[in-house]
Amino acid sequence: MRGIVLACGNTQLPMIAQRDDVVGVPARPGKDDVDPLLDADRLVVAGTDADLAAVALRLLRKEKLGSVALGYVPVADSSVAALWGLSTDPARALDIALNGDVDPVPLVRDDVGGVLVGLGVLAPVRGVGYSDADNVLRGQASRIECTPDPDGGLGLQIRIVNKRLIGSKVQISRPRAFQLGCLPTTAVLDGHKHPRPVDKWTWYRHTEDLRLVRGV
């Protein structure tokens, strides 16, 4: 098995710096950084959820989802780690990412050419939303959250959150696709803010899964 560790951005973990299979790349690495490495059997991303999403996007674009496993060493708070039960201890996470078993998980795409591996948030929202054919929003919401569905199902988990004076009301659906038309709002994808306000948005499950190394 040939694996390569991508140290993204300013990642400086001692157990990674000492290795000879490490390649330093920018935060949210792009085509020129990732594509020359796609002959590896396994890529390990040491970085943030946004860095992991950037590498997953290159696997998608180069049709490598079925042949390259993706390991993850989170260096900050990580929705991906929480979602899939990944270790947040750097040494343990690196060992699992390099040597653990692959577990296919849903890969979520959007209609502007991106992918979502952890948490996507639209907030605040006033508009109309559909989970598959079901109308799940008509009006306003404090926020809409999307993750890959950790419980199987059709691929997505959508949470429509309305804050109240005491607590919040949360409506959950598990569709294959979610579509929203709304007044301009902000999208934050795997911790990275979309550069422009959006007035429509779609998330949907890709036809191929992401071969994530979970060690389970």
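Residue numbers (the working numbering): 821 to 1036.
Heads up, the beta-carbon is just placed ideally off N, CA and C, and yes, glycines get one too.
Query: Proximity below 7 angstroms, CB of R958 to CB of V945; Result: no
Query: Per-residue burial, R862 [other beta carbons within 10 Å of its own, 16 or more giving buried]; Result: buried
Query: V941 and V1008 closer than 7 angstroms at C-beta; Result: yes
Query: Boundaries (first-last residue) of the alpha helix (DSSP H) holding K851; Result: 851-854
Query: Stretch-stretch touch, CB-based, cutoff 8 angstroms, three pairs: the region 978-998 with the region 883-898; Result: no
Query: Beta bridge counterpart(s) of W1023 as assigned by DSSP; Result: D930, F998
Query: Reference G938; option with closest CA among P894, R822, S962; Result: P894
Query: One or two residues paired with N982 in a DSSP bridge; Result: K989
Query: Rounded Cβ spacing between L927 and L1030 (contact assumed at less than 8 angstroms); Result: 4 angstroms
Query: Supposed contact pair L857 and K882 - C-beta distance, whole angstroms, cut 8 angstroms; Result: The pair is not a contact, with the Cβ atoms about 11 angstroms apart (cut-off 8 angstroms).
Query: Spatial neighbours of D871 in its chain, beta-carbon cut-off 8 angstroms, leaving aside the 5 residues before and after; Result: L826, C828, G829, A847, R848, P849, V865
Query: CA-to-CA distance, G934 to M821, given in whole angstroms; Result: Confidence at M821 is low in this model, with a pLDDT of 49, below 50, so the placement of that residue is unreliable and no value is reported for it.
Query: Span of the beta strand (DSSP E), counted from its first residue to its last, around L1030; Result: 1030-1033
Query: Stretch pair the region 958-977 + the region 907-917: three plus CB contacts closer than 8 angstroms; Result: no
Query: Contact belief for R839 with D855 at Cβ below 8 angstroms, rounded distance in angstroms; Result: R839 to D855, Cβ: 22 angstroms. No contact.
Query: Exposure of T967, with buried meaning 16 or more beta-carbon neighbours within 10 Å; Result: buried
Query: CB contact flag (I824, D852, <7 angstroms); Result: no
Query: W1021 to A876 span [Cα, whole Å]; Result: 20 angstroms
Query: One or two residues paired with N955 in a DSSP bridge; Result: Y950
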